[in-house]
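Here is the structure we will look at.
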Amino acid sequence: MSAKRIHVRVASDKHRVSSGVYSRRWSAYVAAPDLERSARKFWEDAGLMSCDGSVVATVDGKIVGFVRYYLWPMKMLQESGTWVSPKYRRSGLAARMWSLAIRRFGIKVVKYRAISNGGRKFVARLKLAHKNVTFRSA
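Residue numbers 38 to 175, in the working numbering, belong to the letters of the sequence shown in order.
Printed below as a string of structure tokens:
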């Protein structure tokens, strides 16, 4: 059996990962119900709201990862949540998504919030891969 292909693309602010879906029950935008359980928990724990856009990774149409961001003048990207399905972690997928956003928008400065040791190690690897980009902890 061959490995499934992961598609990575930039999504607009209208995509359900960027904006969430409106819940009448909560009178707010919440994580899309078709997201994996761990993604919905991440969304709720992080208190995510709408953002300017996202990079979304899918396998057979199912979302397996995303990077959410705000774009600011002067080529600055502010990270607003990075999630990868447990099945696809440690595969380089998060780096692929981040790198796509950095390249697509010609980013010079990244503001990030690393909340775990793994997140801090990940940012250190991104700094090595993108030496022309300044990374600032938010």
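By construction, the Cβ of each residue, glycine as well, lies at the ideal position given by its N, Cα and C atoms. For clarity, every value in this text was computed on a predicted model and none was experimentally measured.
According to DSSP, is A68 part of a helix, a strand, or is it coil? coil
Restricting to Cα atoms, I'd like to know which of K78, A65, K148 is closest to K164. K148
Based on DSSP bridge pairs, tell me the residues matched to E116. Y106
At a cut-off of 8 Å, is R126 close to the ligand PLP when judged by its beta-carbon and the heavy atoms of the ligand? The ligand PLP is absent from the structure shown, which contains no ligands of any kind.
From what residue to what residue does the alpha helix (DSSP H) around R141 run? Here the alpha helix (DSSP H) through R141 covers 130-141.
Kindly indicate which three-state DSSP category R74 falls into: helix, strand or coil? R74 falls in the helix class under three-state DSSP.
Could you name the residues that DSSP lists as bridge partners for R46? V93
Does the Cβ of W109 have 16 or more other Cβ atoms within 10 Å, making it buried, or fewer, making it exposed? exposed
So what does DSSP say about K164, is it helix, strand or coil? helix
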